[in-house]
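The opening position of the sequence shown corresponds to residue 10 in this note's numbering, with each subsequent residue numbered one higher. Cβ atoms here follow ideal geometry from the backbone N, Cα and C, with glycine treated the same way. Computed from a prediction, not measured in an experiment: that's the story for all the values here.
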Amino acid sequence: MIQWIAKLTLVLWVGLAPFAAWGQTASEQLRRTVEHVNVNGDADVAGARLVSVDFLARFYAARRFAPAWSNTRDVELLMAELEGSEAHGLSPPDFHVDAIQLLRQMQAEQPDDPRINASLDLLLTDGLAIYAHQLVDGKVDPSLLSAFWNQSRQELSRGRVEGLADALAQNSLPEFLASLVPSLPYYRDMRARLASYRAIASRGGWPSVPDGAALRRGDEDPRVAAVRARLAVEPTSLGSSRPDPNVFDVTLEESVSRFQVEHGLEVDGEVGPATLRAMNVSVAERIDQLRVNLERARWVQDEFTNMNDFVIVNIAGFYVRLYEDGEIDWESRVIVGTEYDQTPAVVADMTYLVLNPTWTVPRSIIRDEMLPEMKADPGYLSARNLDLFDQEWRRMDPAMLDWENVSASDFPYYVMQRPGPGNALGTVKFMFPNAHSVYLHDTPSPELFSRSRRTFSHGCVRVQNPLEFAVRLLEDQPDWTQEAIDRAIDDGQTTTVYLTTPVRVVILYRTAEPADGGRVRFYEDIYARDPAVLAALDSDFRPLDPP
10 MIQWIAKLTL VLWVGLAPFA AWGQTASEQL RRTVEHVNVN GDADVAGARL VSVDFLARFY
70 AARRFAPAWS NTRDVELLMA ELEGSEAHGL SPPDFHVDAI QLLRQMQAEQ PDDPRINASL
130 DLLLTDGLAI YAHQLVDGKV DPSLLSAFWN QSRQELSRGR VEGLADALAQ NSLPEFLASL
190 VPSLPYYRDM RARLASYRAI ASRGGWPSVP DGAALRRGDE DPRVAAVRAR LAVEPTSLGS
250 SRPDPNVFDV TLEESVSRFQ VEHGLEVDGE VGPATLRAMN VSVAERIDQL RVNLERARWV
310 QDEFTNMNDF VIVNIAGFYV RLYEDGEIDW ESRVIVGTEY DQTPAVVADM TYLVLNPTWT
370 VPRSIIRDEM LPEMKADPGY LSARNLDLFD QEWRRMDPAM LDWENVSASD FPYYVMQRPG
430 PGNALGTVKF MFPNAHSVYL HDTPSPELFS RSRRTFSHGC VRVQNPLEFA VRLLEDQPDW
490 TQEAIDRAID DGQTTTVYLT TPVRVVILYR TAEPADGGRV RFYEDIYARD PAVLAALDSD
550 FRPLDPP
C-alpha cells in the first residue's frame, strides 16, 4: 500500500508539473523542463529537486535535448554507483535514488511515456552531477562553516564533470565514474577503514567499560575483563596469554598502550579517565568520525595532484610531515594554537625561510598581553629584547612615551623582538604567504613538546626539530648544508634563504587517519570542528549553481 501511494504521488508530480505537456516527445519534454529550470532557478521533478541547474542547461543544450540515458547498461552502472555512495561516507538520498527507482518501475510499465522518460533522464543526470561534485569537491563548503579555512572551491562546471557527454557517447561510463574517486592513498585507506568499522557495527559494536577507579598492571577486577572484551573488537589488541580475564597483566598493558597511541592519549598503559572515555566512544560515533575526515580529504585532494614533495601539518594530530616522492621523509611534533587562537587550515607554497628571525608582535598580543605590562614596568620591553617603533618604523624610546594616555584602542606603534635567545620564533621560521599570516617556526620553550595535548600557540605552528626541517628543505641547495646553516645562526644576523623550488604546505585538521594493520589513529577534536561538518554532511544538499 505504501509503495502504491508513493507511486501515485510520483505520477501526480510528473503529470502536474508546470512544464509537463501531453503529446510531447521526450526531447521536447526535456527542453521544456530545462528551460523552466533555467528561468526559475530550481524545479521539482517527480518529487525530487533538481540542483545542478546551470550544468543541466549546458549539458542538454549541447546535445539538442536528446535523452542521455537510453542505454540500460549505463543506467544500471550509475545506479550501482549512487546506491553504493555510502562507501564514501555520502548519502544516497542526495542523488535522487528513491525517485529514480520509482520512475524506472513506471517506465517498465509505460516505456513510451515522454514525461516519465524525460523525468528519469533529468534525475539521472542531476544525480550524477551531484555525486561528481561531492566526490570531487566534497558535499560541504568548509568556508561556510569556519573562518579558519582559506581554500576556494570549484563549481560544478569543472572539466571532469563536463566529460560526461563523451563518456556516454563512447561507452566509457565506468572509466568516467572511476575518475571521480579521489586517488589519494589516505582516501583509499580511509574508505577501507570505514568499511571495517561498519562491519564491526553490523556485529553489534563493542561493549562499554564500566566507570570506576583507574586500572593498571597487577590489578584484579571484573572491569579488566570488560577492557579485554572492548579491545578484542577493534583491531588494537595484542592478545593475552594469561588465563584469568580479570587480571591486568603485562600483555594487556601493552595493548592499552597501543590503544592510547592510536587515540592520541598520554601513553602510560593504564585505563584512566581519558582512556576510559576513548574506549567508550561508540562504533557509530567512530563511523561518523571517519565520514567527517573522508569529507575533509575531498576538500583538499586537488592540492596533491601531480605533487610528490609537500608538507602536511595535522593540527589535531600535533605533527608535521615532509613528504618526498609521496613518502614520509621526515616527521616532528608541533605545537598549535589554543582553542581561542585556533590554527587555521591553510594551503600555500613555502618560498623562503628566515634564520635568526625578528618577531613583529601581533596587535592582538600587544593589546591582550603586553600593554598592561609595558605600562606597569618601564623596563619590560628592554628586558625581553623588544623594540618600539612608530608608524614609519622609526625606533622610539619607551621612556619618552606618556604611558598614562596609551590605550589598547590608541596604540600607534609596532613592537619587534630582536633575534637571539628568548626570541619567540627561535632560530628559524618557515614562510608560506597566506591569508591568515600563519607560519611554522622554532620556539624557546621546547619543554612543551613533551605534552600529549599541545595547544599553546597564538595560531602559528611551532616545530620541535626545526633545524632538521631546514636541512631537509635545503637538500638541493649545496650552499646551505647543515654546517652553513649552523654558521649563519651562530653569526646572529637575520638571513633570508629562498627555496629553489617552492614546497606546497597543507595545514589541515584530521581527527582520524589510517594506521598500519588495518587500524585507525583517532585524535581528539581539539577545536570541536567535527560536529559542524557532520551536521552539514547529514543535511539536505544545497543547489550547486546560482539561479
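Return helix, strand or coil for residue i, following the three-state DSSP convention.
i	result
R340	At residue 340 the sequence reads Glu, which differs from the Arg that was named. E340: strand per DSSP, three-state reduction.
D549	coil
I242	Going by the sequence as given, residue 242 is Val instead of Ile. It is helical.
W31	Since pLDDT at W31 reaches only 37, below the 50 mark, its modelled position is unreliable, and no value is offered.
Q400	coil
T260	helix
L224	strand
W412	helix
K438	strand
R471	strand
S266	helix
Y448	coil
T369	strand
Q486	coil
E229	strand
Quick check: the Cα distance between residue i and residue j, rounded to an integer number of angstroms?
i	j	result
P231	L240	15 Å
Q473	N315	29 Å
L476	T490	11 Å
P407	I498	29 Å
N443	V515	11 Å
L362	D318	17 Å
K384	M405	15 Å
R212	E37	51 Å
Y328	P76	51 Å
D334	F313	12 Å
L482	P194	23 Å
L546	L99	8 Å
A537	Q351	11 Å
L449	L91	42 Å
L111	W215	38 Å
D485	E492	15 Å
M88	H105	10 Å
G468	V345	6 Å
Q114	P120	10 Å
R307	L153	16 Å
P151	V309	11 Å
N126	L59	16 Å
H97	A223	38 Å
D549	N414	55 Å
R463	Y349	14 Å
V259	V322	35 Å
Using a threshold of 9 Å, state whether the C-beta atoms of residue i and residue j are closer than that.
i	j	result
V447	V470	yes
V149	V542	yes
F441	A357	yes
R226	L261	yes
F478	W368	no
L364	I494	yes
Y206	V270	no
A57	D135	yes
V301	D122	no
S266	D253	no
E229	V256	yes
R342	N394	no
V43	L186	no
I296	L390	no
A521	Q179	no
M199	P511	no
A433	R376	no
When you compare each of the options to residue i by their alpha carbons, which one comes out closest?
i	options	result
P366	P421, G468 and T452	T452
D419	F268, R372 and L203	R372
A156	V329, V355, A89 and E533	V355
A138	A174, P120, M115 and D107	A174
S466	P353, D411, A208 and P421	P353
Y518	A493, R528 and R305	R305
S79	Y532, Q269 and Q116	Q116
L133	T284, T81, R393 and G501	T81
D311	P421, D539, P254 and P191	P191
D399	M409, A283 and S181	M409
E263	P282, A283 and R237	R237
I535	H272, E336 and A210	H272
query = Can you list, in chain order, the stretches of the alpha helix (DSSP H) that have 4 or more residues and sit fully within the segment 35-80?
reply = 35-49 and 62-71
query = What runs of the beta strand (DSSP E), each 3 residues or longer, lie entirely inside the segment 85-130?
reply = none
inquiry  = Restricting to runs no shorter than 4 residues, where is the alpha helix (DSSP H) found entirely within the segment 309-363?
reply    = none
request  = With a floor of 4 residues, list each alpha helix (DSSP H) that falls wholly inside the segment 496-551, ordered by position along the chain.
outcome  = 539-546
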